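*Asks:* Chains as they are written, first to last, in this note's numbering: chain A, 1 to 454; chain B, 455 to 908.
2 protein chains.
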Amino acid sequence: MADVNDYINGEMARFKDELFEFLRIPSVSARSEHAGDIKEAASWVADRMRDAGLSASVIETPGHPVVLGEWKEAGPDAPTLLIYGHYDVQPPEPLDLWVSPAFEPTVRDGNLFARGASDDKGQLFLHIKALEAQLKGSGNLPVNVVVVAEGEEEVGSPNLVPFVESHRDRLACDAVVISDSSMFAQGIPSLLFSLRGLAYFEIHVQGPAGDLHSGSYGGAVVNPGNVLAQLLDSLKNSDGSIAIPGFYDDVMDWDEKTREAIRGLPFDQAEFEGEVRAPGLNGEAGFSLLERLWIRPTCDVNGILCGYTGEGAKTVLPAKAMAKVSFRLVPNQDPERVGELLKAHLDRIVPPEVEVTVEELHGGRPWKAELEGPFFEAARNALAKAFGTDPVLTGEGGSIPIVVDFQEILEAPVLLMGFAPPGANMHAPNEWIPLENFENGIRAVAQFYAELGG
Amino acid sequence: MADVNDYINGEMARFKDELFEFLRIPSVSARSEHAGDIKEAASWVADRMRDAGLSASVIETPGHPVVLGEWKEAGPDAPTLLIYGHYDVQPPEPLDLWVSPAFEPTVRDGNLFARGASDDKGQLFLHIKALEAQLKGSGNLPVNVVVVAEGEEEVGSPNLVPFVESHRDRLACDAVVISDSSMFAQGIPSLLFSLRGLAYFEIHVQGPAGDLHSGSYGGAVVNPGNVLAQLLDSLKNSDGSIAIPGFYDDVMDWDEKTREAIRGLPFDQAEFEGEVRAPGLNGEAGFSLLERLWIRPTCDVNGILCGYTGEGAKTVLPAKAMAKVSFRLVPNQDPERVGELLKAHLDRIVPPEVEVTVEELHGGRPWKAELEGPFFEAARNALAKAFGTDPVLTGEGGSIPIVVDFQEILEAPVLLMGFAPPGANMHAPNEWIPLENFENGIRAVAQFYAELGG
């Protein structure tokens with residue numbers, strides 16, 4: 001490992017120069033005027049993969065291309081790792097809130113500011129540099145490697161699942177590594193133990209055929225707005241738990257050790273309160289704040305529209321009402337099953353004077369990491385050595401659909417190790433990454449390969 | 455009365471010609487391009503008052519003028535009646551749904567179609583013609599008369615209360631008669647016994663300072679959309695009654711005779727169902743449909759807005775939620791008191807993690823007729839004679855703010871006798887009035903004066 005670390009130390013200045021070059025390409029996937037930049041970024045990534053010693057190809061999709069890097073000289077008996085990242089970025093707007101330009105990487109106080117610094121160019125690139133350090137520094141890798149760099153993550157990865165499915169053999173692997181998330185706190189390396197899933201619905205309540213005058217009809221006609229409120233209120237109990245019968249049947253009870261570990265994390269509640277700025281915080285009784293975010297399901301109203309919402313008093317008895325409601329799911333819940341339970345629950349309570357329809361808009365399964373095995377152990381040891389402190393296990397309240405997709409299509413466990421700082425402004429102005437995270441990230445990933453080599 | 459009826463029969467053809475002339479003036483108060491038509495209509499009405507034998511003046515206001523007709527020769531010991539109506543009309547749009555043009559009065563099957571035929575030109579004009587028949591036919595009236603014809607009823611009468619207040623002495627009267635409503639059924643003359651009042655509120659729930667990601671924050675942050683649903687749901691009981699403590703304290707229990715009379719009305723529920731076209735109808739337990747509309751208060755959601763309401767699934771935990779909620783009130787409820795009760799109720803149940811504000815948008819007191827005394831008896835007898843059948847007493851679910859205003863400012867009871875047919879399309883294309891109603895309306899009002907003369 002000494003040769004590899006020497007290589008990293010000797011080449012670090014160039015690595016950073018190259019990262020700055022990468023960040024200067026405005027590869028905004030959402031904007032057609034950046035199509036040329038996307039192409040340039042894909043080609044640039046392929047070149048850097050080749051520099052590292054991988055073979056690389058830019059593979060067209062119906063959208064933006066996937067860059068595929070491969071090194072399979074560890075032989076058929078060695079395990080294969082798939083590294084996933086993305087080279088596209090969020091739009092930079094609003095531009096006037098950037099202290100330095102979004103596509104002009106600028107270092108202030110050891111922190112690098114640029115769109116894509118954390119999400120995900122910086123994290124994708126540190127993997128390529130770690131591979132380069134291994135292959136150029138030691139001349140070898142203990143595992144075969146496939147790197148998948150997509151260009152549509154920020155627009156919902158519409159072509160990724162078809163790509164993975166149609167390249168199933170070429171992408172076959174024993175584990176998937178993704179670095180597209182954050183560390184629990186600066187200086188504390190983190191591995192994810194779970195992601196929540198999602199079941200998102202639109203509920204429509206239809207009463208009269210058209211809007212009516214609330215004076216001439218009110219009192220004799222059942223109001224869809226009142227009914228919608230009743231239905232939404234029926235979804236939760238006063239203790240913050242969800243009131244749909246059967247909803248908790250598939251909810252996994254985490255072991256006391258994991259729950260203790262969560263409670264032991266150095267969580268900065270004041271910072272969280274500062275982000276939220278509500279008169280108070282609350283959630284499901286019997287669980288800590290982080291448990292409510294990571295290991296417990298939710299029921300949140302995302303939107304409601306009914307009747308007259310403009311200025312002043314319009315005395316309308318609305319014909320209909322609509323709500324968007326979603327549930328964050330935890331292992332082992334299934335979004336389809338949650339949809340069935342929701343519909344059965346509403347069917348039981350909907351008054352016969354209105355018609356209610358439930359539309360399923362989006363579903364994603366929750367995910368739970370394998371917290372054992374050689375890849376997990378190697379990651380834990382590598383992170384501890386590179387950052388000088390043991391990694392913590394964290395959950396993530398949001399959903400990363402590709403994690404479940406990779407796991408299911410490739411039948412391989414996924415390892416999520418993030419190097420972004422908390423509050424990285426990933427989709428906001430002044431996105432940043434501490435240069436220390438970029439440097440230690442390269443060292444951690446290189447160490448990860450060394451650990452796998454035994 | 456024979457001379458008066460002879461006069462009416464002899465002049466009826468001219469009365470109708472004049473009505474057609476009146477209806478041809480497009481006096482749309484809401485549109486500035488019709489300002490000249492409004493002026494013309496006001497002047498035309500004043501001329502017809504003079505034809506009838508009244509003195510008339512067109513009195514300017516900050517908006518459209520009031521036409522004031524007066525005949526006070528019955529002497530200071532005779533009672534004084536105030537007749538209120540309006541010469542402005544609703545806009546005629548959508549024009550393409552009119553079978554014959556809105557401002558070209560057309561008779562089909564004995565029914566007169568034109569904007570304003572029922573609301574309110576036809577009804578205002580029949581009062582002027584009844585006065586003419588009395589004064590020209592018999593040469594006398596048993597009461598003094600003031601006619602107030604306003605030109606802003608269809609834009610909310612912004613200048614009427616100030617006008618009435620500043621002309622309090624000139625408008626002093628013993629009773630107010632208004633014909634701007636409908637008969638219960640064609641051929642069945644009607645007197646109103648009550649109007650519902652209104653208390654209209656906007657409820658705002660504020661949670662976090664800004665919208666949050668439902669994955670990263672959901673479960674630990676109280677959702678204003680869920681809270682709003684809880685608050686709205688808390689306003690009603692499952693039996694359709696209102697759950698706000700104290701809400702029914704001021705609700706008058708109508709006597710059993712009135713309730714029996716309501717239940718005895720020839721109400722066409724199938725027609726009502728056809729207008730509503732909902733899967734079913736329901737309301738407060740223990741009351742008939744008409745009772746729910748006329749003599750019981752309501753709580754209706756008029757509008758809700760929260761979070762994301764566009765297409766698809768946006769995983770937002772909204773910062774705030776808003777609902778418009780209104781209560782129809784019945785005697786002796788007071789909108790301000792209802793506002794206090796609502797706020798006290800919400801204060802008791804609002805969770806401390808959100809901030810709730812309640813804004814009062816509009817309030818109007820309910821009204822109850824005096825169902826006895828010489829004016830009421832005269833109206834009842836006159837309607838029975840003119841239509842050949844006893845009038846029925848009906849309620850009205852909506853509010854007519856000027857009724858309460860007249861009653862309070864002038865300290866005189868108000869008599870509401872409508873001659874519009876049910877389904878007159880008052881604010882819709884193809885507004886109409888049966889010519890029979892116009893003719894019998896003149897006879898009924900002339901008879902009303904005769905009855906007052908003893």
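Every residue gets a Cβ at the ideal spot worked out from N, C-alpha and C, and that includes glycine. None of the values given here were measured: they were computed from a predicted structure.
1. Helix, strand or coil: which one does DSSP assign to Asn756 of chain B?
2. With 7 Å as the C-beta to C-beta threshold (strictly closer), list the residues of the segment 356 to 371 of chain A near chain B in chain order.
3. Which same chain residues, not among the five before or five after Ala900 of chain B, have their C-beta less than 7 Å away from its C-beta?
4. Taking only the alpha-carbon atoms, compute the straight-line gap between Leu864 of chain B and Leu625 of chain B and give it to the nearest angstrom.
5. Using a Cβ-Cβ cutoff of less than 7 Å, which residues in the same chain neighbour Leu800 of chain B once the five nearest sequence positions on both sides are dropped?
6. State the DSSP-derived secondary structure class of Met439 of chain B, mapped to helix, strand or coil.
7. Express the C-alpha separation of Glu73 of chain A and Phe419 of chain A in angstroms, rounding to a whole number.
8. What does the alpha-carbon distance come out to for the pair Lys909 of chain B and Thr534 of chain B?
9. Hey, would you say Phe892 of chain B sits closer than 7 Å to Gly564 of chain B, going by beta carbons?
10. Does chain A have any CB closer than 7 Å to the CB of Val615 of chain B?
11. Would you list the residues sitting across from Gly539 of chain B in a DSSP beta bridge?
12. For chain B, is any of its Cβ atoms less than 7 Å away from the one on Gln230 of chain A?
13. With H, G and I counted as helix, E and B as strand and the rest as coil, what does DSSP make of Gly694 of chain B?
14. Is Leu82 of chain A closer than 7 Å to Glu70 of chain A when the C-beta atoms are compared?
15. Mind pulling the alpha helix (DSSP H) runs of 4 or more residues that sit fully within the segment 613 to 637 of chain B?
16. Applying the criterion that 16 or more other CB atoms from any shown protein chain within 10 Å of the CB defines a buried residue, is Leu97 of chain A buried or exposed?
17. Compare the C-beta of Cys306 of chain A against all C-beta atoms of chain B and say whether one is closer than 7 Å.
18. Determine the burial state of Leu95 of chain A: buried for a count of at least 16 other Cβ atoms within 10 Å of its Cβ, exposed for fewer.
19. Grab the span of the alpha helix (DSSP H) containing His345 of chain A for me, first residue to last.
20. Of all Cβ atoms in chain B, is any one closer than 7 Å to the Cβ of Arg296 of chain A?
21. Anything in chain A within Cβ reach of His667 of chain B, meaning under 7 Å, just list it in chain order.
22. What would DSSP say about Leu578 of chain B, mapped onto helix, strand or coil?
23. Could you tell me whether the Cβ atoms of Leu474 of chain A and Val145 of chain A are closer together than 7 Å?
24. Spatial neighbours of Gly460 of chain A within its chain, please: CB distance less than 7 Å, with the 5 preceding and 5 following residues excluded, ordered by chain position.
25. Between which two residues does the beta strand (DSSP E) holding Thr848 of chain B run?
26. For Glu21 of chain A, count the other beta carbons within 10 Å of its own beta carbon; 16 or more makes it buried, fewer makes it exposed. Which is it?
27. Classify Pro720 of chain B as buried or exposed, calling it buried when 16 or more other Cβ atoms lie within 10 Å of its own Cβ.
28. Would a check of beta-carbon distances place Ser913 of chain B closer than 7 Å to chain A?
29. Can you tell me whether DSSP reads Phe873 of chain B as helix, strand or coil?
30. Shorter than 7 Å from the beta carbon of Tyr654 of chain B to some beta carbon of chain A?
31. Going residue by residue through the segment 24 to 98 of chain A, where are the continuous alpha helix (DSSP H) segments of at least 4 residues, counting only ones entirely within it?
32. Taking 7 Å as the threshold (beta carbon to beta carbon), is Ala278 of chain A in contact with chain B?
33. Taking Cβ positions, are Leu305 of chain A and Ala378 of chain A nearer each other than 7 Å?
34. Is the number of C-beta pairs between the segment 247 to 254 of chain A and the segment 758 to 772 of chain B that are closer than 8 Å three or more?
35. Grab me the residues of Val338 of chain A's own chain with a C-beta within less than 6 Å of its C-beta, minus the 5 sequence neighbours each way, in chain order.
36. Against chain A, which members of the segment 778 to 803 of chain B pass a CB distance test of less than 8 Å?
*Replies:* Well, looking at it:
1. strand
2. Leu361, His362
3. Val458, Ile462, Ala584, Ala587, Gln588
4. The alpha-carbon atoms of Leu864 of chain B and Leu625 of chain B are separated by roughly 7 Å.
5. Within the same chain, Leu800 of chain B has close Cβ partners Leu685, Val810, Val812.
6. Coverage of chain B is limited to positions 455 through 908, which leaves residue 439 of chain B absent and any answer about it impossible.
7. Going by the C-alpha atoms only, they are around 28 Å apart.
8. Examination of residue 909 of chain B is not possible in this model, given that chain B is present from 455 through 908 alone.
9. no
10. no
11. B:Ala603
12. yes
13. Gly694 of chain B carries a coil assignment under DSSP once its states are collapsed to helix, strand and coil.
14. no
15. 614 to 620
16. exposed
17. At least one chain B Cβ lies under 7 Å of Cys306 of chain A.
18. exposed
19. 335 to 349
20. yes
21. The answer, in chain order, is Gly398.
22. helix
23. Outside the displayed span of chain A (1 to 454) sits residue 474 of chain A, for which this structure offers no information.
24. Examination of residue 460 of chain A is not possible in this model, given that chain A is present from 1 through 454 alone.
25. 846 to 850
26. Here Glu21 of chain A is exposed. Its C-beta has fewer than 16 other C-beta atoms within 10 Å.
27. exposed
28. No answer is possible for residue 913 of chain B: the residues shown for chain B start at 455 and end at 908.
29. coil
30. Yes, its Cβ sits closer than 7 Å to a Cβ of chain A.
31. 35 to 52
32. For Ala278 of chain A, the answer is yes, since a Cβ of chain B falls inside 7 Å of its Cβ.
33. no
34. no
35. Within the same chain, Ala199, Phe327 come within 6 Å of Val338 of chain A by CB-CB distance, once the 5 residues on both sides are set aside.
36. Lys778, Ser780, Arg782
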